[in-house]
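Asks: To convert, take the position in the sequence shown, counting from 1, and add 619; that gives my numbering.
From the three backbone atoms N, C-alpha and C, an ideal C-beta is built for every residue, glycine too.
Since we're looking at a predicted model, the values are computed, not measured.
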Amino acid sequence: EKVLPKEAILKLNSGGHTAKIKKNILVTKSGDIISASDDKTIRVWDSKTGKERRKILGKIGAGPEGLIFAIALSPNEKFLAVGGYFENDEIRIYSYQTGKLIKILKSHKNVVYDLAFSENGDYLLSGSGDKTAKLWSSESWNLEKTISFHSDAVYGVKFFKNRTVTASHDNRIAIHSLNGELLKSYTHSHKLMYLATNSENIATCGVGNQILIFDKNLNLMKKIDSETVPVGLNFSPDGKYLIAGTGTSPRNTNIYETRNYSKIKSFKKHSNSTVAVNFLDSSTAISGGGDNNEIYIWNIHNSDSYSFENSIIGTGQTVWSVGLKESWLGFGNKWTGDSHTVGSDIQKAFNLESFRVSTVSKNRKNSYSRISTTYKNWSLYHSAGGSYGFSDAVLNIQKNGVTTAKIVRDATNGYGHNSYGFYGDKIVSAGSNGSLKIYNLNGEEIANLVGHTGEVWSIAIEGDRLVSGSKDQTIRVWDLSKIKNYVPKREIDEDIISEIKKATNWTRQQILENEAFIKEKTGVSIYTIAKSVQPQLSLFIDKNSEWVAWTPENFYTSSEKGKDLIGFHINQGSEHEAFWLPISELSELNRPDLVKKSINGKDLSKYSEKVNIN
């Protein structure tokens, strides 16, 4: 027997992705689809049956650690390169056939946003938040060249006719030779993020309603005006069509023919943003996104905007609304109202004492506590701003109608304020990428609630209990009494210290002595005042009302089939692939009695220390 390792992290396994899908790529030889998601998994799908063949996993952690932003398959389908929010900002190289992690590439100093192999497979190109693109040899995996042209994050990279193409938040697209010589650049009016190339053209888009089309020498040929904010570009294998996903309403995934770049179809089946778009073949598109992180396979010549040939959808659903009423936890899986204000309707409820799911009648849906945006003479409202101009990026804190402080969000802390309100004299705000934070009335962060991995759409409070619902398809229950009287104090963040030690080989004392220098150069502080809080209980309820509830110590209880919906993602360090272990193999963790103790605020550490597994 051995003790369940600390590196075992409980994760959902609902038959589909449980958070935003970032990339879809085609495996040409088999016709399989590889998808990468904010749920921190890479999955390989049979495109004919829609069934999962296998997972490809790496080291993950709490919060954003392990988020996958980029995948690229080598032309010979031997290597799968993976980038994201990883330890040491590394690039992971897997053997695609075996799923084994065979190489770690280290050089970037920030997250990796995009990856691309050259047509002959000799090179790998990476783009990063550190404002650089890097060229790697795929034979030796040595770093060949660093491109330091851009003044902001490099979000898009591609190869084009034995040259590199990069797109950046500095509004520029650039072409370099393989030896790093700048050949040409173009400056747009908006931030650029996505790139696609065929034999003749380069397409790019980003923040804004246009797709730019360039010739091989980076001469602007056409601007495509879109009714959407286009995202995630790709050309068809024959180069005759261009697909563009959507970041905002309307939720249209558009197809353009490349003779004059006129739109020939809008696919409207997805109900939310759709970033992961590609082609299965030159007449069949793949799009991944929507409210429930679904993948649709559809014919681009079919005139029906909602028709599809196949789908890959799990049994989970986005949680749009939550509420509390004594032992009842209300929730809803349909969007019926703005999350910032009233929120969507409560449609079902889960009893935290009897562990049963029931339907909520229309005349009782308003009996559940939500969250208030007023407290005594204080009030909250959201407004546009931030780096991306999002409509809810700024949370304004007002006293007697006068703004006294603002909380501005960006890519590092959730982009926007999806749902917010007061917990006594403290402010709770939910955002993207699992962001759920508590602030004081000065707008200073005092607690970070760690657990969600997708957009948090709804929060509710009753007494000291907070409940949250997310696009990651889970509901989390939090005990806020832990921070009720918490006095923030400046403490050293040992995780940050560890990361800096690995990146610089400095001693802990050297890092402490150079704190001001580190913050000036990287923007990273080695100190934190925010308290990290884990949920009392995590809950997943699927569309068939099968459910599973679990504690931070990994004890669980479930409906009859619910135990099949979760398992352990077991890390084996950053140098090795992770693996999957179904929780049904660990019967000693099935403890409804301990789940109830956790709900009632009991400490389960003495029980978890005794758990052994075979």
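To the nearest angstrom, how far is it from the Cα of residue 1160 to the Cα of residue 1167?
Replies: Going from the Cα of residue 1160 to the Cα of residue 1167 covers about 7 Å.
Asks: For residue 1040, tell me which candidate among 1005, 1073, 1087 has the shortest Cα-Cα distance.
Replies: The candidate whose alpha carbon is nearest that of residue 1040 is 1087.
Asks: Where does residue 1218 fall in DSSP's three states?
Replies: Reduced to three states, the DSSP call for residue 1218 is helix.
Asks: Per DSSP, what kind of secondary structure is residue 620 in: helix, strand or coil?
Replies: Bear in mind that the predicted position of residue 620 carries a pLDDT of just 38, short of 50, making it unreliable; the figure below should be weighed with that in mind. Three-state DSSP puts residue 620 in coil, outside helix and strand.
Asks: For residue 1222, count neighbouring C-beta atoms within 10 Å of its own C-beta (all shown protein chains included) and say buried if the count is 16 or more, exposed if not.
Replies: With fewer than 16 other Cβ atoms within 10 Å, it is exposed.
Asks: Closer than 6 Å by C-beta to residue 997: which residues in its own chain qualify, once you throw out the five before and the five after it? Chain order, please.
Replies: Here the set comprises 1018.
Asks: Nearest to residue 1235 by CA position, among 789, 1119, 847, 815, is which residue?
Replies: Past the boundaries of the shown model lies residue 1235; the chain is included only from 620 to 1233, so the question cannot be answered.
Asks: Where does residue 1163 sit, in a helix, a strand or coil, going by DSSP?
Replies: Coil, per DSSP.
Asks: Going by the DSSP bridge assignment, what does residue 1001 pair with across the sheet?
Replies: Looking at the DSSP assignment, residue 1001 forms a beta bridge with 1014.
Asks: Tell me, please, whether the CB atom of residue 771 is closer than 7 Å to any CB atom in chain B?
Replies: Among the protein chains of the structure shown there is no chain B, as only one such chain exists.
Asks: Taking the C-alpha atoms as reference points, what is the distance between residue 639 and residue 896?
Replies: The straight-line gap from Cα to Cα measures roughly 13 Å.
Asks: Assign residue 564 to one of three DSSP states: helix, strand, or coil.
Replies: Because the chain here runs from 620 to 1233, residue 564 falls outside it and cannot be looked at.
Asks: Within its chain, find whatever has a CB closer than 8 Å to the CB of residue 842; leave out the 5 residues flanking it on each side and keep chain order.
Replies: The answer, listed in chain order, is 829, 830, 831, 832.
Asks: Identify whether residue 1226 lies in helix, strand or coil by the three-state DSSP scheme.
Replies: Reduced to three states, the DSSP call for residue 1226 is helix.
Asks: Are the Cβ atoms of residue 679 and residue 698 separated by less than 7 Å?
Replies: No, these two residues do not count as a Cβ contact at 7 Å.
Asks: Pairing CB atoms from the stretch 685-704 with CB atoms from the stretch 627-642, are three or more of them under 8 Å?
Replies: Because the criterion of three Cβ pairs below 8 Å is met, the stretch 685-704 and the stretch 627-642 touch.
Asks: Rank 1056, 1023, 1043 by C-alpha distance to the C-alpha of residue 1037 and give the top, closest one.
Replies: Per the Cα distances, 1056.
Asks: Helix, strand or coil for residue 1110, going by three-state DSSP, please let me know.
Replies: Strand.
Asks: Ends of the alpha helix (DSSP H) at residue 1136?
Replies: Here the alpha helix (DSSP H) through residue 1136 covers 1134-1141.
Asks: For residue 849, is the classification buried or exposed, using 16 other Cβ atoms within 10 angstroms of its Cβ as the cut-off for buried?
Replies: Burial call: buried.
Asks: Could you name the residues of the same chain whose beta carbon sits closer than 6 Å to that of residue 630, not counting the 5 residues immediately before and after it, in chain order?
Replies: Counting only Cβ-Cβ distances below 6 Å, and skipping sequence neighbours, we find 1188.
Asks: Are the CB atoms of residue 1050 and residue 1073 within a distance shorter than 7 Å?
Replies: Contact: no.
Asks: If you draw a straight line from the alpha carbon of residue 824 to that of residue 1164, how long is it in whole angstroms?
Replies: Computed Cα separation, rounded: 41 Å.
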